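Take a look at the structure set out below.
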Amino acid sequence: IILQTYRAIADYEKSSGSEMALAAGDVVDVVEKSESGWWFCQMKTKRGWVPASFLEPLDSPDEAEEPEPNYAGEPYVTIKAYSAVEEDEMSLLEGETIEVIHKLLDGWWVVRKDDVTGYFPSMYLQKSGQ
Amino acid sequence: IILQTYRAIADYEKSSGSEMALAAGDVVDVVEKSESGWWFCQMKTKRGWVPASFLEPLDSPDEAEEPEPNYAGEPYVTIKAYSAVEEDEMSLLEGETIEVIHKLLDGWWVVRKDDVTGYFPSMYLQKSGQ
Amino acid sequence: IKQPPSNPPPRPPAEARKKP
């Protein structure tokens, strides 16, 4: 089935449960057209990368999903320099060897170099030996 | 494949083309989790009835989709009374016989009774003889 | 698919009003 695609030309607020709100510019597929002037539509699926830290699980939002810390530390090397913006972050140059203590899901890992620990972007780290 | 469902806990504005914006409360399916903390998500598909008059075709928005008027008129009878709210609408009681001149897609049909024409909700009309 | 709402949809938005 090929559905026709339409664009909303104005905002529309729902006035009952079976309706769908529209924002001007929204793109929809039309599933069914009623002569009454009500059309049953499906919002075009939006997809893209979002920061994990902006999401919580739908069920049991308090349930801990984060992996356990590994205080022994896992050796990684920095592949890009980063200067701390916030006080709890680490400033490191490229090519520095550190230990990853905690691989948090938001992508800011807890790392340790000598006796200093702090957050560092995981995308600037590579497992040692790779 | 069963995808995990998450809820956005805050608004997020896109900062690049491959990202997806979030509004607090949005529900998403997580397609892929990158260790970088970027998760590739798909917005939960919203569906529902919307007014056709709020939509335009995505391609060729000016292309006429409306059926042609029928000035001879097609006999219908009102199945529910309606009092005109706007000046170009018809006020009719239940059980009145009228002629439908133009079946517009937005569900507000042009009807004629005697020498008066105006808009009337199609869902309050039934073809005569049914 | 559920039935459409039982009230008529709103008149077209100002952006789309057609001449009678």
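Chains A, B and C are the protein sequences, given in the same order.
The opening residue of the first sequence carries number 723 in this note's numbering; numbering runs sequentially from there.
The opening residue of the second sequence carries number 723 in this note's numbering; numbering runs sequentially from there.
The opening residue of the third sequence carries number 961 in this note's numbering; numbering runs sequentially from there.
Heads up, the beta-carbon is just placed ideally off N, CA and C, and yes, glycines get one too.
If you're wondering where the values come from, they're calculated on a predicted model, not measured in any experiment.
Counting only beta-carbon separations shorter than 8 Å, does residue i have a partner in chain C?
| i | result |
| --- | --- |
| Ala803 (chain B) | no |
| Gly829 (chain B) | yes |
| Ser844 (chain A) | no |
| Gln761 (chain B) | Checking the sequence shown, residue 761 (chain B) turns out to be Trp, not Gln. By this cut-off, Trp761 (chain B) is not an interface position. |
| Ile731 (chain A) | yes |
| Ser758 (chain A) | yes |
| Glu787 (chain B) | no |
| Glu754 (chain B) | no |
| Glu808 (chain B) | yes |
Just the Cα atoms here: how many angstroms apart are residue i and residue j?
| i | j | result |
| --- | --- | --- |
| Val857 (chain A) | Trp761 (chain B) | This structure cannot speak to residue 857 (chain A), because chain A is shown only from 723 to 852. |
| Pro980 (chain C) | Val753 (chain A) | Caution applies to Pro980 (chain C), whose pLDDT of 42 falls short of 50 and renders its modelled position unreliable; the model cannot decide the point. |
| Ala806 (chain B) | Arg971 (chain C) | 12 Å |
| Pro964 (chain C) | Glu741 (chain A) | 8 Å |
| Glu809 (chain A) | Thr767 (chain B) | 40 Å |
| Lys802 (chain A) | Leu777 (chain B) | 48 Å |
| Ile723 (chain B) | Ser756 (chain A) | 34 Å |
| Glu816 (chain A) | Tyr798 (chain A) | 12 Å |
| Asp751 (chain B) | Ala774 (chain A) | 12 Å |
| Pro779 (chain A) | Leu725 (chain B) | 11 Å |
| Trp771 (chain B) | Val832 (chain A) | 48 Å |
| Met812 (chain B) | Gln848 (chain B) | 16 Å |
| Gly759 (chain A) | Arg769 (chain A) | 30 Å |
| Ser850 (chain A) | Thr800 (chain A) | 9 Å |
| Trp830 (chain B) | Asp781 (chain A) | 43 Å |
Any idea which residues DSSP pairs residue i with across the strands?
| i | result |
| --- | --- |
| Ala746 (chain A) | Looking at the DSSP assignment, Ala746 (chain A) forms no beta bridge with any residue, so it has no partner. |
| Met765 (chain B) | B:Val750 |
| Val822 (chain A) | A:Glu796, A:Val833 |
| Pro773 (chain A) | B:Trp760 |
| Lys736 (chain B) | Its beta-bridge partners do not exist; DSSP assigns none. |
| Val807 (chain A) | Beta-bridge pairing links Val807 (chain A) to no other residue. |
| Gly840 (chain A) | A:Val833 |
| Ala730 (chain B) | A:Leu777 |
| Lys755 (chain B) | B:Trp761 |
Cβ of residue i less than 8 Å from any chain B Cβ?
| i | result |
| --- | --- |
| Gly840 (chain A) | no |
| Gly747 (chain A) | no |
| Ala774 (chain A) | yes |
| Leu814 (chain A) | no |
| Leu725 (chain A) | no |
| Glu735 (chain A) | no |
What do you reckon, is the C-beta of residue i under 7 Å from a heavy atom of the ligand GTP?
| i | result |
| --- | --- |
| Gln848 (chain B) | The model on display carries no ligand, and the ligand GTP is accordingly not part of it. |
Distance cutoff 8 Å, beta carbons only. Does residue i sit that close to anything in chain A?
| i | result |
| --- | --- |
| Tyr798 (chain B) | no |
| Lys750 (chain B) | Checking the sequence, you will find Val at residue 750 (chain B) rather than Lys. Answer yes: the Cβ-Cβ gap between Val750 (chain B) and chain A drops below 8 Å somewhere. |
| Pro791 (chain B) | no |
With contact counted as at least three CB pairs below 8 Å, one residue from each stretch, are the region 727-739 of chain B and the region 839-846 of chain A in contact? Too few Cβ pairs lie closer than 8 Å, so no.
Report yes or no: do three or more beta-carbon pairs, one from the region 813-831 of chain A and one from the region 787-795 of chain A, lie closer than 8 Å? When C-beta atoms of the region 813-831 of chain A are compared with those of the region 787-795 of chain A, three or more pairs fall below 8 Å, so the two segments count as touching.
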